[in-house]
Amino acid sequence: MADRKPIESWLTDMDGVLIHEGTPIPGAEEFLRRLQESGKPFLVLTNNSIYTPRDLSARLAGMGLNVPEERIWTSALATAKFLKGQRPGGTAYVIGEAGLTTALYQAGYVLTDNNPDYVVLGETRTYSFEALTKAIRLINAGARFICTNPDETGPSTEGVLPATGSVAALITKATGVDPYFVGKPNPLMMREALNSAGAHSETAVMIGDRMDTDIVAGMEAGMETILVLTGLTAAADVERFPYRPTRVVKSIADLIEMI
1 MADRKPIESW LTDMDGVLIH EGTPIPGAEE FLRRLQESGK PFLVLTNNSI
51 YTPRDLSARL AGMGLNVPEE RIWTSALATA KFLKGQRPGG TAYVIGEAGL
101 TTALYQAGYV LTDNNPDYVV LGETRTYSFE ALTKAIRLIN AGARFICTNP
151 DETGPSTEGV LPATGSVAAL ITKATGVDPY FVGKPNPLMM REALNSAGAH
201 SETAVMIGDR MDTDIVAGME AGMETILVLT GLTAAADVER FPYRPTRVVK
251 SIADLIEMI
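Each residue of the sequence shown is one higher than the one before, counting from 1 in full-length UniProt numbering.
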């Protein structure tokens with residue numbers, strides 16, 4: 001690869017990189033501490049739209065990881081920023097949790113089921129048949145279909161859970177309308193994150209555990225990419241993809257000395 005400029009800004013995924021099923025990954029605490037001491041811009045990214053940045057900051061603090069809420073960037077925030085830019089002061093029917101509804105409210109959106117501009121699908125643990133039926137009817141009536149992220153499944157202590165992408169497929173099947181996905185791997189989320197951090201892609205790095213979301217999104221946004229092997233992508237899987245990360249490391253602990 002061509003020589004890159006020194007890393008000045010750090011973006012990292014959360015699940016599979018910093019934590020795994022509610023437990024910090026060894027090295028994560030020291031990595032975050034070094035980042036904050038360095039003064040370099042950094043953001044923790046997640047496709048999870050359930051929680052607000054404040055919620056996530058508190059949850060991470062409970063695990064011993066110090067991440068200020070302003071250093072957290074979610075697919076809910078990216079979706080709200082995207083919609084505000086597309087149709088300021090618009091309206092939306094939302095299926096999701098507080099992370100998404102709060103972000104849209106703060107972006108100046110009115111949440112309604114009366115002829116909304118958009119149907120916005122996010123992540124929730126309680127998808128209801130009634131809400132999905134309403135979304136389908138509103139889309140059939142002309143509402144535009146937005147989805148916070150394409151993740152088909154999510155983790156839990158009991159096993160995988162159907163996630164936003166799976167539910168979006170149900171709505172698409174019923175309406176014939178494909179959603180616009182804002183979260184990873186859409187490089188839009190990465191560019192908005194870079195703008196939020198005041199960073200530039202030429203001197204930024206994206207750390208992730210998934211080739212099909214984190215790494216491809218970082219690559220398409222023009223960043224250096226680092227794959228950690230503490231999440232969903234195993235070392236043997238890397239060669240199956242037509243693109244490669246800049247480097248592959250065992251875990252976040254291997255990156256501490258790079259800061």
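Glycine residues also receive a C-beta, built at the ideal position from the N, C-alpha and C atoms. For clarity, every value in this text was computed on a predicted model and none was experimentally measured.
For Val160, there is no enclosing beta strand (DSSP E), since its DSSP letter is neither H nor E. For Gly231 against Gly22, the beta-carbon gap comes to about 14 Å, at or over 8 Å, which does not count as contact.
Uninterrupted beta strand (DSSP E) stretches at least 3 residues long and entirely within the stretch 4 to 71 occur at 9 to 13 and 42 to 46, given in chain order. The beta strand (DSSP E) runs lying completely inside the stretch 156 to 242 and spanning 3 residues or more are 204 to 208 and 224 to 228, given in chain order. Note on Tyr118: 16 or more other CB atoms within 10 angstroms of its CB, so buried under the neighbour-count rule.
Taking every protein chain shown into account, the CB of Ala197 has 16 or more other CB atoms within 10 angstroms, so this residue is buried. When the five nearest sequence neighbours on each side are left out, the beta carbons in the same chain lying within less than 8 Å of the beta carbon of Tyr105 are those of Leu111, in order along the chain.
Note: Thr74 is bridge-paired with Thr46 in the DSSP secondary-structure output. Phe145 is bridged by DSSP to Val119. For the set Pro53, Leu194 and Thr203, the Cα lying nearest the Cα of Ile7 is the one of Thr203. The alpha-carbon of Gly27 is positioned some 13 Å away from that of Met14. Counting the other Cβ atoms within 10 Å of the Cβ of Gly96 gives 16 or more, which makes it buried. For Thr91, the enclosing beta strand (DSSP E) begins and ends at Thr91 to Ile95. Comparing alpha-carbon positions, the option among Glu70, Arg247 and Leu100 lying closest to Thr164 turns out to be Leu100. Bridge pairing for Arg247: Ile226 [DSSP]. In the three-state reduction of the DSSP assignment, Thr153 falls in the strand class, which pools E and B. The stretch 171 to 181 makes no contact with the stretch 37 to 53; the number of CB pairs closer than 8 Å stays below 3. Among the bridge pairs identified by DSSP, Leu111 is matched with Ala92.
In the three-state reduction of the DSSP assignment, Arg87 falls in the coil class, being assigned neither a helical nor a strand state.
Excluding sequence positions up to five before and after Thr124, its CB lies within less than 6 Å of the CB of Gly96 and Glu97, all in the same chain and listed in chain order. Here Arg247 is not near Thr233, since their CB atoms are 7 Å or more apart. Taking C-beta separations shorter than 7 Å and ignoring five residues to either side along the sequence, the partners of Gly64 in its chain run Pro24 and Glu29, following chain order. Between Pro116 and Thr91, the gap from beta carbon to beta carbon is short of 7 Å. The C-alpha of Ala131 lies about 12 Å from the C-alpha of Gly122. When the five nearest sequence neighbours on each side are left out, the beta carbons in the same chain lying within less than 6 Å of the beta carbon of Ala217 are those of Lys184, Pro185, Pro187 and Met190, in order along the chain. A residue is called buried once 16 or more other Cβ atoms fall within 10 Å of its Cβ, and Gly154 is buried on that count.
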